[in-house]
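Protein chains: 2
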Amino acid sequence: MTVYESIKRSILHGEFPPKMRLTEEFLANKLETSRTPIREALKQLESEGLTVSMKRGVRVRHFTKKDIQQIYDLRTLLEGYAAAQAAIHRTEADLENMRLANESYDNAIDNYIQTGETTIEDILDINHQFHNAVIHASQNPHIYSHITKVVVVPLIFRSFYWFNEEQLRHSLEAHKTLLKAIEEQDMERARVAMHEHIYHGRDEVLKQMDTIDEQYSPAKEIQ
Amino acid sequence: MTVYESIKRSILHGEFPPKMRLTEEFLANKLETSRTPIREALKQLESEGLTVSMKRGVRVRHFTKKDIQQIYDLRTLLEGYAAAQAAIHRTEADLENMRLANESYDNAIDNYIQTGETTIEDILDINHQFHNAVIHASQNPHIYSHITKVVVVPLIFRSFYWFNEEQLRHSLEAHKTLLKAIEEQDMERARVAMHEHIYHGRDEVLKQMDTIDEQYSPAKEIQ
DNA sequence: CTTACATTCATTGTATACAAACAGAGTGAC
DNA sequence: GTCACTCTGTTTGTATACAATGAATGTAAG
């Protein structure tokens, strides 16, 4: 799904800023394809909440602080539930996956700080691996699509959070706390650890939004 | 979105049973349109979880009892949250909407029993109105898409539940309990009332699945 | 100067033709 | 008889042409 991924990247990286209109022909030219695959990608993006379609055409969605708060509320609810279920249903293989993801995380932070070979994208990816491992351990595959939707939006505000060693270490510690609770099958402890972890991330994103304060910035226009 | 609605109806009414393959041309012929709108509808249905696409083509999704249980778990989580938030944030207008929906429900049950003018579809619709009013009262519009997804699937198993006066009255009572808690801004009471209401519905659907036991029935083939 | 209407242009929605990919049947070798 | 391979037919994926629909601009009347 390369057309979809490409547009998604452009939105998440800010190349297509909020409120920018996305015409099919523009995207078709840019991605050197026809309008048909573009339309399908746009439909999917809309169902993920990254775009909105008006009477005529589609625009990159604009999110207010309230939106972000509410989306994070849902993410907390869903991932908290996943963590609680994981504490009950996790297999030994699940635990191994989580441990592995955390080791990778640890190494990636070192690498990022020391050599700079590892990129933020890599770190985001490894973080994602851990969260996915938790969902997998919950043994409820239906959760995935819901969490995907609430996870993707805040990535638009890829905050300074992810560039800060202290925050990265803190995040890893949170993962370890969570993993311990899941190992010990301590369901409520796991849920709360996840709640705290996600709300902490939310606070950082909201802080970021305050500083750049682009809520009301007009859309860049094409051409 | 009439093509989408039409295919959805066919799936929910059992005309397109689980595992049935849906080829684009077949649907295009049936709905007297071209493949393009069909493809878009199928993409959307897939994102709602009603179909799955294989390497080649798409099939109506088949759900096991475990799937239904897990989907209801998520629905309970989400609607319970919505109810709790509604208890906090509801406006007077929200309360009025809920009261109205419950009145309609009451009348519809009477009408259904006595005259038979009101159909099950009507009743489902009014039930839906109440649940939507609760979500609206939560003041978190991002919940809608998530709940839509977990609500639609069980409709495939439109159980006997909806044909039974006693169950309908019971359901209305549950709505009233919930409404009272929301009126009194009793958040935890509202959450629990919603949990109970949804799990009760789940029990009925699972009971239904036991009796018909079509989990392992092969797919009808076209032609 | 403002409003209402009409004409034009840009953009989306639908149909269709063509290319690509996969499944299944048939054929041949071992 | 079985396995592997090719060939054929069906079905999806992509491009493109055409139709339909809004939006915007210009024009004329009040």
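Going down the list, the sequences are from chains A and B.
When you line the first sequence up against UniProt numbering, it's residues 1 to 223, in that order.
When you line the second sequence up against UniProt numbering, it's residues 1 to 223, in that order.
Glycine included, C-beta positions come from ideal geometry on N, C-alpha and C.
Since the model is a prediction, treat every value here as computed from it, not as a measurement.
Would residue i count as contacting chain A if we go by Cβ distances under 7 Å?
| i | result |
| --- | --- |
| B:S34 | no |
| B:K43 | yes |
| B:N140 | yes |
| B:S47 | yes |
| B:K65 | no |
| B:Q185 | no |
| B:E25 | no |
| B:V205 | no |
| B:S104 | no |
Starting from residue i and walking both ways along the beta strand (DSSP E), at which residues does that stretch end?
| i | result |
| --- | --- |
| B:R191 | Counting along the chain, B:R191 falls outside any beta strand (DSSP E), though it belongs to the alpha helix (DSSP H) covering 187 to 212. |
| B:V52 | 51 to 53 |
| B:R9 | B:R9 -> not in any beta strand (DSSP E); alpha helix (DSSP H) instead, spanning 2 to 12. |
| B:R59 | 58 to 60 |
What residue range does the alpha helix (DSSP H) around residue i cover?
| i | result |
| --- | --- |
| B:V153 | Run containing B:V153: none; DSSP gives neither H nor E here. |
| A:R39 | 35 to 48 |
| B:K19 | Here B:K19 belongs to no alpha helix (DSSP H), and DSSP marks it neither H nor E. |
| B:H89 | 65 to 89 |
| B:S138 | 120 to 138 |
| B:F163 | Here B:F163 belongs to no alpha helix (DSSP H), and DSSP marks it neither H nor E. |
| A:E24 | 24 to 30 |
| A:E103 | 92 to 114 |
Cβ atoms of residue j and residue i: under 7 Å apart, would you say?
| i | j | result |
| --- | --- | --- |
| A:I143 | A:A82 | yes |
| A:E24 | A:R9 | no |
| B:R189 | B:G80 | no |
| B:I182 | B:A87 | yes |
| B:Q129 | B:S159 | no |
| A:M20 | A:V58 | no |
| B:Y4 | B:A41 | yes |
| B:V152 | B:E48 | yes |
| B:H89 | B:P18 | no |
| A:A133 | A:A174 | no |
| B:E196 | B:Y161 | no |
| B:E103 | B:N111 | no |
| B:I109 | B:L168 | yes |
| B:I147 | B:L12 | no |
| A:S138 | A:Q85 | yes |
| B:I120 | B:Y105 | no |
| B:I123 | B:E165 | no |
| B:M98 | B:L179 | yes |
| A:K30 | B:K43 | no |
Starting from residue i, find everything on chain A with Cβ-Cβ shorter than 9 Å and list it in chain order.
| i | result |
| --- | --- |
| B:Y81 | D73, L74, L77 |
Closer than 7 Å, CB to CB, is residue i near chain B or not?
| i | result |
| --- | --- |
| A:H136 | no |
| A:H146 | yes |
Given that residue i touches chain B, what residues does it touch there, using C-beta distances under 9 Å?
| i | result |
| --- | --- |
| A:E40 | R39, E40, K43 |
Below 7 Å on C-beta distance, what does residue i contact in chain A?
| i | result |
| --- | --- |
| residue 241 of chain B | Residue numbering for chain B in the displayed model covers 1 to 223; residue 241 of chain B lies beyond these limits and cannot be assessed. |
| B:Q70 | N140, H142 |
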